[in-house]
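The block underneath contains the structure these notes are about, expressed in structure tokens.
In the working numbering, the protein residues as written are 44 to 165.
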């Protein structure tokens with residue numbers, strides 16, 4: 044499993060939170076599922092960013108380049124992960140994971156129980 048996801052890791056770290064944010068409103072009535080999905084994607088995003096940063100920093104200066112759809116840069120979309128981009132991705136995922144963990148308990152206190160909105164988690 045890990046051998047197949049490692050080449051696609053730069054795209055997975057970007058697409059997974061966007062896909063889950065798109066799907067979350069369909070599970071609006073099941074708040075435990077919404078909370079679990081948010082935390083799961085946060086953990087997977089942080090671990091993916093950590094691994095991506097270790098790959099980028101191990102290359103010593105050359106960015107990690109991923110061509111989407113197999114097309115090269117002039118015609119296709121190219122995703123580059125350099126040192127600064129990997130560092131920012133690591134910081135953003137590292138900050139958003141504790142924030143989402145804290146927001147779960149804080150929202151229950153502020154709103155009161157089952158009246159939580161799924162839009163908050165998006």
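Every residue gets a Cβ at the ideal spot worked out from N, C-alpha and C, and that includes glycine.
Span separating the alpha-carbon of residue i from that of residue j
i	j	result
residue 105	residue 121	15 Å
residue 71	residue 102	43 Å
residue 138	residue 125	20 Å
residue 64	residue 145	18 Å
residue 133	residue 107	15 Å
residue 148	residue 94	29 Å
residue 143	residue 82	7 Å
residue 76	residue 118	40 Å
residue 67	residue 115	33 Å
residue 78	residue 127	31 Å
residue 74	residue 52	29 Å
Residue i CB to nearest heavy atom of the ligand NAD below 7 Å
i	result
residue 58	Here there are no bound small molecules, and the ligand NAD is not part of this structure.
N- and C-terminal bounds of the beta strand (DSSP E) containing residue i
i	result
residue 110	107-111
residue 124	120-124
Residue closest to residue i, alpha-carbon to alpha-carbon, out of the options
i	options	result
residue 54	147, 67, 110	110
residue 99	130, 62, 148, 51	130
residue 61	85, 118, 119	85
residue 136	57, 79, 148	57
The alpha helix (DSSP H) enclosing residue i, as first and last residue numbers
i	result
residue 70	No alpha helix (DSSP H) contains residue 70, which DSSP labels as neither H nor E.
residue 91	74-101
Cβ neighbours of residue i in the same chain (closer than 8 Å, five flanking residues each side left out)
i	result
residue 168	Residue 168 is absent from the structure shown; the chain starts at 44 and stops at 165.
Any chain B beta carbon closer than 8 Å to residue i
i	result
residue 123	Protein chains in the displayed structure number just one, and chain B is not present.
Cut-off 6 Å between Cβ atoms - residues of its own chain near residue i, not counting five sequence neighbours on either side
i	result
residue 140	85, 89
residue 50	none
residue 112	119
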